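Peer 1: The following block contains the structure, expressed as structure tokens.
4 protein chains.
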Amino acid sequence: MIIQLHQEIAAVQKEAIVKKALTLQYKTTEVKTQHGNYLVGIGKSEFDIRELGHMEGIADIHIVSDNYKLVSKKWKVKPTAIDLGDGVAIRSGDLAVMAGPCSIEGEEQVYKTIAHLKANGVKIMRGGVYKPRSSPYSFRGMGIDGLKMWHKAAREAGIKIITEVMQVSQIAEMHDYVDIFQVGARNTQNFNLLDELGKVDKAVMIKRGISGTVDELLYSAEYVFSGGNEKLILCERGIRTYETSSRNTLDLNSIPVLKEKTHLPVVADPSHGIGIREYVEPMTLASIMAGADGVIFEIHEKPEEAYSDGQQTLNFKESETLIGKINKVFALRESL
Amino acid sequence: MIIQLHQEIAAVQKEAIVKKALTLQYKTTEVKTQHGNYLVGIGKSEFDIRELGHMEGIADIHIVSDNYKLVSKKWKVKPTAIDLGDGVAIRSGDLAVMAGPCSIEGEEQVYKTIAHLKANGVKIMRGGVYKPRSSPYSFRGMGIDGLKMWHKAAREAGIKIITEVMQVSQIAEMHDYVDIFQVGARNTQNFNLLDELGKVDKAVMIKRGISGTVDELLYSAEYVFSGGNEKLILCERGIRTYETSSRNTLDLNSIPVLKEKTHLPVVADPSHGIGIREYVEPMTLASIMAGADGVIFEIHEKPEEAYSDGQQTLNFKESETLIGKINKVFALRESL
Amino acid sequence: MIIQLHQEIAAVQKEAIVKKALTLQYKTTEVKTQHGNYLVGIGKSEFDIRELGHMEGIADIHIVSDNYKLVSKKWKVKPTAIDLGDGVAIRSGDLAVMAGPCSIEGEEQVYKTIAHLKANGVKIMRGGVYKPRSSPYSFRGMGIDGLKMWHKAAREAGIKIITEVMQVSQIAEMHDYVDIFQVGARNTQNFNLLDELGKVDKAVMIKRGISGTVDELLYSAEYVFSGGNEKLILCERGIRTYETSSRNTLDLNSIPVLKEKTHLPVVADPSHGIGIREYVEPMTLASIMAGADGVIFEIHEKPEEAYSDGQQTLNFKESETLIGKINKVFALRESL
Amino acid sequence: MIIQLHQEIAAVQKEAIVKKALTLQYKTTEVKTQHGNYLVGIGKSEFDIRELGHMEGIADIHIVSDNYKLVSKKWKVKPTAIDLGDGVAIRSGDLAVMAGPCSIEGEEQVYKTIAHLKANGVKIMRGGVYKPRSSPYSFRGMGIDGLKMWHKAAREAGIKIITEVMQVSQIAEMHDYVDIFQVGARNTQNFNLLDELGKVDKAVMIKRGISGTVDELLYSAEYVFSGGNEKLILCERGIRTYETSSRNTLDLNSIPVLKEKTHLPVVADPSHGIGIREYVEPMTLASIMAGADGVIFEIHEKPEEAYSDGQQTLNFKESETLIGKINKVFALRESL
């Protein structure tokens, strides 16, 4: 059950609602976000919604049968739009294109990538400055200094930044230099990180876990939302299966399924999803047809020299070609 | 190694080649298909291809490093087209649409389905008369009589038939009433069935196994090809993963991967792939964008009354809408 | 619902029961096995069991909520024992040891293996004469002549034979030379083969599918049982997962789960399950502790020269050591 | 390559080795643990080990072909023993038994559990005070106060504590009240947490990821080890597969595989592994036979009233029975 409260609700009114809910065997959690003030009620008993509905301070009440609540489409049918400012948004009915290198490697790389993105109308740049690596001996990213350098260049060009945050202590230092915090596939169930991102007024994109279910992804989003942050994006990035002919198995089935279950925008990451350069194009176009609200892919001037993930990274020429096709496929989808 | 022989090769010439290959430590299997006469050589040693190349009776020699040979694109770059006659074909650069019920249930159903297909320009009808069912107590299909009734109706309407064959003994009885023999996901590695289908001059569509790899699908095709039948189609129909929000996980990654590995046409089955009616449309359109040469989906006048698979079956109105979109998406793909 | 009928039931009595069941909305299938005569009723409605219970010809009635019926423990709590004659049996409370080569390769191999088994008290020999192989170019087994040779040697030594049957047409020719027909992991859902094995009065061991669920294995057994053959053994042989450090993932969890769900004996195959020689011993002993009623493993005088599966095959010395440990571990298990 | 340095090595000597390694195209990372001082060299070129071997300050050099280095058995054949003090250790050739509730719930529960453990000779108690939960609305544990209360009770009784740490900021506050830090399955690739645990002189037990490979588990251990902490234990706790008849798939194959790859002790967690109370006993005994150096399982006075995981938790009577059997099975294993 989700109880939407009036913004100007009095403390005594709220208290009365919490008490009444308890008598109906619902334990409530208060959630205050950028856009609303809610009581999320967890319980199992059935009751007459009018017992609560008449109470003062309540704007609306919704029964949500899913185990995740605030991210469910069952109470909020209208899709959530993530506004990044300057006319850049990620939302249903639109197609956000995000591209950039796996790792931020240096100033020259950043400037060249930005120039490429601008020339092709892409407004959001991806890149890693903190890199989760299986081996402790691998390159782990340029860190906060790399981010600041990148941010300066991106701001000058009017480009938004999405980058991965790996732990709680990085949030504060990264905050002013980031437009979208990305939660990586290995941190989808890092609940402390999700809790803290709930306290931030910045967009957060959560990747599906390495072998995460669709429902687990929604639960992880519920952590951030119930922490106070509605600015959420979900990302399909491929799951782990027995098949070895692709790096991961980009699970496009999750896109229509998620679009049915949640009001949050859903993005596809074909670079990690299939993990092989020559197949990124068809999988990107297929993602759009499956209903994605955005795509994110890896590009590099010289993929073969990239510090990481070169095998799944497009060069600028391939990127340009792909972006042209993306625009046509999206236009067709919207016209159907 | 694949040695293409001249059609008019003399027995003594062939024998000499086999002997020579043995001295190079290659064991050969002779394969005679509708289109060619081959010696497939299995061995590991490296040798100078000119040692064989000059021999009489040889049209061409190809080194194929894959473990599957005749189905590999490494020796036959040109895509294989499956011609069903009357201008109906399944081939790269075209889009074959196949639709029909899960099970053939009776005459009325067959005639209504055919009328719907004709009205929408669909030339191949699917339907099961032998149904593999987990439980021995479930409906197992109308059998050969159902097939004959269906065949009569389809022939009158100029519609081709694709239907599943489950065991060797059914091949002969079904032969004259079938345009494409389908090998189901539970029989992908039924090697005796594949052997026998190699002896037939009819198209065969092999579905990927329930948890089959892309390579295993190619090996299964190799069985049929090396048995003598080149008229092969591969079908992605979803794999088994841990995810339960869709029935199976339609693995669209396999489509560009297969198109790269083999010269055979590749078809997608979104009905079984995602297994939920309302998501069949986006997954069908995504399959086309991923590069499929055809799509196969389940339709029924009243899906809720279908003998099997109703939950993933489109009604005629949904089917009509989908076919319209399929045509537009395919047209766009070819224009990119 | 399972209705056990009196052996001497009159046709008119049976007919009356079938009709009465229909009025209760249960469709019945008659099953006549070596040990009983049953009506299996499939339906969903609830009814008072006394409405049927008083009818003549009925020995007992059982409500079985599982989708599989005859193999369920819910109606037959007493474990089924598979008696192979000459004091050899596979049954709960006992431990059947089965060993032998992956492929039967020739007479010398057969005689040496039998000598090894006899010296170590093993009474059932495994070996393949029809081999399912991914590639059509691999060794496919010695066939029926190999089986006859093997059978002669085994009979002289008082050794029982378990070997794989791959297709319906092999059943008759193999029948007199086999003590247990094995259904391989690629044929677990070859329903025609299962149907035919239901008509045979020989023990059948069904391996779990490559990625088969526990319930699918039980359904497959239901096919054979409902076909008329109660002499069934189930075999855990490892499933397909994402993990590559072992060939398959021997799923010992399935053993206590199966022992709870069915009255049939359950055997473990650690050779295929883990697929690496040096780990066969610990996994065999672990299988026993997990509750297996038997173990089956691959041995060869010279594993490195075996025609197939050498990497997971024990030599005779390793086999002797393992058998000694098996006996001790089983003795401890029974004493706990 | 692992270069073991003399403890008293001079800075200039170390510098010379690092430089020399670079000329051989090996990048080195210095690692200083409780037991040794190492240079881990990452590179691919082959070289004559004598080029380095003669240099001053070097105690020993090992070529380790695995991608993980310090946790590999290839350089340290002798098993690592984790000494918790007071005669309690986790090590090869011994069997550590760890038991306790899923969640620490209160004082009475703690005291009763401790009494049960003492009566049964168990010296390590498990319990969660920080609980990773899929839903943000579930009970998340008693936190640091619960840990302090538990620690007091455990110390009085001479019982060691293993409990999960979920994030970096908890390490310091928990440090003095914990004997083994547990890294949960959702944090196996939380590399920041692993880095920090490398700086602590306390034992760390890392659980295999929800769908983690054996190699990823070893890489995660490499993080802690290369951070400076050799006191590592690995834990098999079941993986995610398509099978739903058990909660997870306890992968006992990983135990002999890990024992072959690493010198670290390996523990099995059958409670999470199979996740169903009545099957915990056979899977625990099977784990021992598979070669586990320890087992960890969940117990509760009244499982049906446990705050979490009740369905997989043994009551005290079941626990007592199991511990008796554990002792017998372990004794047999060591005698084989």
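Listed in order, the protein sequences are those of chains F, D, R and S. Here the first sequence is numbered in the numbering used here, starting from 337 and rising by one per residue. Here the second sequence is numbered in the numbering used here, starting from 337 and rising by one per residue. Here the third sequence is numbered in the numbering used here, starting from 337 and rising by one per residue. Here the fourth sequence is numbered in the numbering used here, starting from 337 and rising by one per residue. Glycine is no exception: its CB is placed at the ideal position from the N, C-alpha and C atoms. Everything numeric in this text was worked out from a predicted model, so none of it was measured.
For Arg522 (chain S), go through chain D and note every residue whose CB falls closer than 7 angstroms to its CB, in chain order.
Peer 2: The residue you call residue 522 (chain S) lines up with position 186 of the fourth sequence. Those do not exist, as Arg522 (chain S) stays about 15 angstroms from chain D at its closest Cβ, beyond 7 angstroms.
Peer 1: Do you know how far the Cα of Ile440 (chain S) is from the Cα of Gly464 (chain S)?
Peer 2: Translated into positions along the fourth sequence, residue 464 (chain S) becomes position 128. Translated into positions along the fourth sequence, residue 440 (chain S) becomes position 104. For Gly464 (chain S) and Ile440 (chain S), the distance between alpha carbons rounds to 6 angstroms.
Peer 1: For Gly696 (chain R), count neighbouring Cβ atoms within 10 angstroms of its own Cβ and tell me buried if that reaches 16, exposed if not.
Peer 2: This structure cannot speak to residue 696 (chain R), because chain R is shown only from 337 to 672.
Peer 1: Reducing DSSP to helix, strand and coil, say where Asp587 (chain D) ends up.
Peer 2: Residue mapping note: residue 587 (chain D) aligns to position 251 of the second sequence, counting from 1. Coil.
Peer 1: Would you call the CB atoms of Ile542 (chain S) and Met510 (chain S) closer than 8 angstroms?
Peer 2: Counting from 1 along the fourth sequence, the entry for residue 542 (chain S) is found at position 206. Counting from 1 along the fourth sequence, the entry for residue 510 (chain S) is found at position 174. Not in contact: Ile542 (chain S) and Met510 (chain S) (Cβ atoms no closer than 8 angstroms).
Peer 1: Since Asn456 (chain D) meets chain F, which of its residues come closer than 9 angstroms, beta carbon to beta carbon?
Peer 2: One-based indexing of the second sequence puts residue 456 (chain D) at position 120. Neighbours of Asn456 (chain D) on chain F: none; closest Cβ ~16 angstroms, over 9 angstroms.
Peer 1: Quick check for students: name the residue ranges of the alpha helix (DSSP H) that lie wholly in the stretch 534-599 of chain F, counting only runs of 4 or more.
Peer 2: 550-563, 590-597
Peer 1: Tyr578 (chain F) CB to nearest chain R CB: under 8 angstroms?
Peer 2: Along the first sequence, read from residue 1 onward, the residue named residue 578 (chain F) stands at position 242. Tyr578 (chain F) counts as touching chain R.
Peer 1: In the DSSP assignment, find the unbroken beta strand (DSSP E) run with Gln340 (chain S) in it and report its ends.
Peer 2: Here residue 340 (chain S) corresponds to residue number 4 of the fourth sequence, with the count starting at 1. It spans 338-341 - the beta strand (DSSP E) in which Gln340 (chain S) sits, taken as one unbroken run.
Peer 1: Tell me Gln518 (chain F)'s beta-bridge partners as DSSP assigns them.
Peer 2: Locating residue 518 (chain F) in the first sequence gives position 182, where the first residue counts as 1. Looking at the DSSP assignment, Gln518 (chain F) forms a beta bridge with F:Glu500, F:Met541.
Peer 1: Given this structure, state the Cα-to-Cα distance separating Gly574 (chain D) from Glu670 (chain S), to the nearest angstrom.
Peer 2: The residue you call residue 574 (chain D) lines up with position 238 of the second sequence. The residue you call residue 670 (chain S) lines up with position 334 of the fourth sequence. If I take the Cα positions, the gap works out to 47 angstroms.
Peer 1: Determine, using beta-carbon pairs with one atom in the stretch 549-556 of chain S and one in the stretch 549-558 of chain R, whether at least three such pairs fall under 8 angstroms.
Peer 2: no
Peer 1: Let me know the secondary structure DSSP gives Ile399 (chain D) once reduced to three states.
Peer 2: Locating residue 399 (chain D) in the second sequence gives position 63, counting from the first residue. Correct three-state label for Ile399 (chain D): coil.
Peer 1: Where does Lys405 (chain D) sit, in a helix, a strand or coil, going by DSSP?
Peer 2: By one-based count along the second sequence, residue 405 (chain D) stands at place 69. Reduced to three states, the DSSP call for Lys405 (chain D) is coil.
Peer 1: Using three-state DSSP, classify Arg462 (chain S) as helix, strand or coil.
Peer 2: What you label residue 462 (chain S) is simply residue 126 of the fourth sequence in a count that begins at 1. Strand.
Peer 1: List, in order along the chain, the chain S residues whose C-beta lies closer than 7 angstroms to that of Thr598 (chain R)?
Peer 2: Counted from its first residue, the third sequence places residue 598 (chain R) at position 262. Within chain S, no residue comes near Thr598 (chain R); the closest Cβ sits about 12 angstroms away, beyond 7 angstroms.
Peer 1: According to DSSP, simplified to helix, strand and coil, what is Ala425 (chain S)?
Peer 2: As a working mapping, residue 425 (chain S) is identified with position 89 in the fourth sequence. Taken through DSSP and simplified to helix, strand or coil, Ala425 (chain S) comes out as strand.
Peer 1: Mind listing the chain D neighbours of Asp551 (chain F)? Cutoff is C-beta to C-beta under 8 angstroms, in chain order.
Peer 2: Here residue 551 (chain F) is taken as the residue at index 215 of the first sequence, counted from 1. Residues of chain D passing the Cβ test: Ser581.
Peer 1: Do Pro601 (chain D) and Phe633 (chain D) have their C-beta atoms closer together than 8 angstroms?
Peer 2: On the second sequence, position 265 is the one that residue 601 (chain D) refers to. On the second sequence, position 297 is the one that residue 633 (chain D) refers to. For the pair Pro601 (chain D) and Phe633 (chain D), the CB atoms are not nearer than the 8 angstroms cut-off.
Peer 1: What residues from chain R crowd round Ile546 (chain D), counting only those whose CB sits closer than 7 angstroms?
Peer 2: Start at 1 with the first residue of the second sequence, and residue 546 (chain D) comes out as number 210. Result: Ser547.
Peer 1: Report yes or no: is there a C-beta of chain F within less than 8 angstroms of the C-beta of Leu658 (chain D)?
Peer 2: Translated into the one-based positions of the second sequence, residue 658 (chain D) becomes position 322. Not an interface residue.
Peer 1: Counting only the same chain and skipping the five closest in sequence on each side, list residues whose C-beta sits under 7 angstroms from that of His487 (chain R).
Peer 2: As a first step, residue 487 (chain R) must be located in the third sequence, where it is residue number 151. Ile497, Tyr513.
Peer 1: Taking all protein chains shown into account, do 16 or more other C-beta atoms lie within 10 angstroms of the C-beta of Lys653 (chain D), making it buried, or fewer, making it exposed?
Peer 2: What you label residue 653 (chain D) is simply residue 317 of the second sequence in a count that begins at 1. Looking at its Cβ environment, which holds fewer than 16 other Cβ atoms inside 10 Å, Lys653 (chain D) is exposed.
Peer 1: Return the CA-CA distance between Ala628 (chain D) and Phe561 (chain F), expressed in angstroms with no decimal places.
Peer 2: Numbered from its first residue, the second sequence carries residue 628 (chain D) at position 292. Numbered from its first residue, the first sequence carries residue 561 (chain F) at position 225. Spanning the two alpha carbons is a distance of roughly 39 angstroms.
Peer 1: Between which two residues does the alpha helix (DSSP H) harbouring Ile662 (chain D) extend?
Peer 2: Reading the second sequence from its first residue, position 326 is the one you call residue 662 (chain D). Under the DSSP assignment, Ile662 (chain D) falls in the alpha helix (DSSP H) whose first and last residues are 652-671.
Peer 1: What residues in its chain sit with their C-beta under 6 angstroms from that of Ser590 (chain R), if we drop five residues either side in the sequence?
Peer 2: The residue given as residue 590 (chain R) occupies position 254 in the third sequence. If we look at Ser590 (chain R) and ignore the five residues flanking it on each side, its Cβ neighbours are Val550, Glu572.
Peer 1: Three or more C-beta pairs under 8 angstroms: does that hold for the stretch 419-427 of chain R against the stretch 370-380 of chain R?
Peer 2: no
Peer 1: Among R:Tyr578, R:Val501, R:Leu431, whose alpha-carbon lies nearest the alpha-carbon of Ala417 (chain R)?
Peer 2: The residue labelled residue 417 (chain R) in the question sits at position 81 within the third sequence. Answer by Cα proximity: R:Leu431.
Peer 1: Measuring only the C-alpha atoms, how far is Lys567 (chain R) from Glu351 (chain R)?
Peer 2: Position 231 of the third sequence, counted from the start, is the residue given in the question as residue 567 (chain R). Position 15 of the third sequence, counted from the start, is the residue given in the question as residue 351 (chain R). Straight-line Cα distance between these residues: approximately 28 angstroms.
Peer 1: Give me the DSSP bridge partner(s) of Ala604 (chain R).
Peer 2: The sequence position of residue 604 (chain R) within the third sequence is 268, counting from 1. Beta-bridge pairing links Ala604 (chain R) to R:Glu572, R:Val631.
Peer 1: Can you say whether Val348 (chain R) is buried or exposed, counting buried as having 16 or more other CB atoms within 10 angstroms of its CB?
Peer 2: Within the third sequence, numbered from 1, the residue matching residue 348 (chain R) stands at position 12. So Val348 (chain R) counts as exposed.
Peer 1: Does the stretch 578-598 of chain D come close enough to the stretch 604-622 of chain F to have 3 or more Cβ pairs within less than 8 angstroms?
Peer 2: yes
Peer 1: Asp402 (chain R) touches chain S at which residues, Cβ-Cβ below 9 angstroms?
Peer 2: Position 66 of the third sequence, counting from 1, holds the residue named residue 402 (chain R). Here the premise fails: no neighbours, minimum Cβ distance about 12 angstroms.
Peer 1: Could you confirm whether any beta carbon from chain F is found closer than 8 angstroms to the beta carbon of Val665 (chain D)?
Peer 2: Residue mapping note: residue 665 (chain D) aligns to position 329 of the second sequence, counting from 1. It does: the Cβ of Val665 (chain D) has a partner Cβ on chain F nearer than 8 angstroms.
Peer 1: With distances taken from CA atoms, which of S:Val376, S:Phe475, S:His599 is nearest Leu358 (chain S)?
Peer 2: As a first step, residue 358 (chain S) must be located in the fourth sequence, where it is residue number 22. The shortest Cα separation from Leu358 (chain S) among S:Val376, S:Phe475, S:His599 belongs to S:Val376.
Peer 1: Met461 (chain R): which of R:Phe527, R:Glu382, R:Tyr447, R:Trp411 sits nearest, CA to CA?
Peer 2: Residue mapping note: residue 461 (chain R) aligns to position 125 of the third sequence, counting from 1. Ranking R:Phe527, R:Glu382, R:Tyr447, R:Trp411 by Cα distance to Met461 (chain R) puts R:Tyr447 first.
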